[in-house]
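See structure below.
Numbering (the UniProt record's numbering), first residue to last: 1 to 139.
This is the structure:
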């Protein structure tokens with residue numbers, strides 16, 4: 001957030017008035033930008049955003065949308081925190097949490113990859129043996 005909001009504001013007021021960004025066309029509240037891509041005046045402006053030298057909307061699928069920025073800003077104000085992130089699903093949020101806090105590579109504590117052989121014949125034999133009483137009793 002660009003400037004801190006007063007601490008005496010209630011949750012309802014924060015939910016409505018916490019966005020610091022205003023619409024370019026003068027709307028008092030952030031409109032919903034229901035678009036996936038955004039245009040730029042020239043290639044230099046595009047490169048500034050893609051290289052991170054300037055913040056701005058680029059591609060909504062990557063979370064770079066003014067509506068999403070407003071949502072994150074509002075959530076941060078409601079939670080009284082510096083920043084908030086919004087995700088498209090709970091699994092996306094959980095995956096990001098664990099992947100961002102884990103160490104890279106294979107470690108002793110997070111070893112999840114395995115290679116093994118399964119003997120399908122034994123599994124089928126066990127299945128037939130378990131189902132045999134049910135099948136023979138009905139016919």
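Here a beta-carbon is modelled for each residue, glycine too, at the ideal position from N, C-alpha and C.
### Query
Where does residue 37 fall in DSSP's three states?
For this step, residue 37 is matched to residue 37 along the chain shown. Correct three-state label for residue 37: strand.
### Query
Do you know how far the Cα of residue 64 is from the Cα of residue 42?
As a working note, residue 42 is residue 42 in the chain shown. As a working note, residue 64 is residue 64 in the chain shown. About 18 angstroms.
### Query
What's the gap between the Cα of residue 101 and the Cα of residue 93?
Here residue 101 is taken as the residue at index 101 of the chain shown, counted from 1. Here residue 93 is taken as the residue at index 93 of the chain shown, counted from 1. Taking the straight line from one Cα to the other gives about 12 angstroms.
### Message
I'd like to check one pair, residue 14 with residue 78: are the Cβ atoms closer than 8 angstroms?
### Response
As a first step, residue 78 is located in the chain shown; it is residue number 78 there, counting from the start. As a first step, residue 14 is located in the chain shown; it is residue number 14 there, counting from the start. For the pair residue 78 and residue 14, the CB atoms are nearer than the 8 angstroms cut-off.
### Query
Between residue 95 and residue 89, what straight-line distance do the alpha-carbon atoms span, to the nearest angstrom?
Counting from 1 along the chain shown, the entry for residue 95 is found at position 95. Counting from 1 along the chain shown, the entry for residue 89 is found at position 89. Near 10 angstroms, if we compare the C-alpha coordinates of residue 89 and residue 95.
### Query
Beta carbon of residue 44, beta carbon of residue 68: below 8 angstroms?
Translated into the one-based positions of the chain shown, residue 44 becomes position 44. Translated into the one-based positions of the chain shown, residue 68 becomes position 68. Result no, Cβ atoms of residue 44 and residue 68 do not sit closer than 8 angstroms.
### One or two residues paired with residue 59 in a DSSP bridge
Counting from 1 along the chain shown, the entry for residue 59 is found at position 59. In DSSP, residue 59 forms a bridge with 37.
### Query
Alpha carbon to alpha carbon, what distance is there between residue 73 and residue 18?
Residue 18 sits at position 18 when you count from the first residue of the chain shown. Residue 73 sits at position 73 when you count from the first residue of the chain shown. In this structure, the CA atom of residue 18 is about 7 angstroms from the CA atom of residue 73.
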